[in-house]
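Numbering (my numbering), first residue to last: 31 to 108.
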């Protein structure tokens with residue numbers, strides 16, 4: 031495996047930093063109320079038994095968790 035020149039690595043970091051500086055936030059989990067606007071959809075709408083939930087953890091973080099079950103031809107979280 032060939033090694034990349036050191037300057038290539040620096041250019042990659044520079045490009046990534048430039049892209050990050052111009053990003054626009056489209057999702058914000060800055061409060062419990064902002065997370066409560068989100069709803070999960072599982073396969074129970076089609077007879078499945080999968081479960082999921084989204085919870086506010088702390089400023090800027092939410093956790094999506096659940097159990098995907100293949101029973102009753104299920105297996106879906108959204």
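Here a beta-carbon is modelled for each residue, glycine too, at the ideal position from N, C-alpha and C.
This one's a predicted model, so the numbers in the text were calculated from it and none came from an experiment.
Is residue 61 helix, strand or coil by DSSP?
-> coil
Buried versus exposed call for residue 80 [16 or more other C-beta atoms within 10 Å across all chains shown] = buried
Alpha carbon of residue 72 to alpha carbon of residue 85, nearest angstrom = 16 Å
Where does residue 89 fall in DSSP's three states?
-> coil
Between residue 82 and residue 63, what straight-line distance do the alpha-carbon atoms span, to the nearest angstrom?
-> 18 Å
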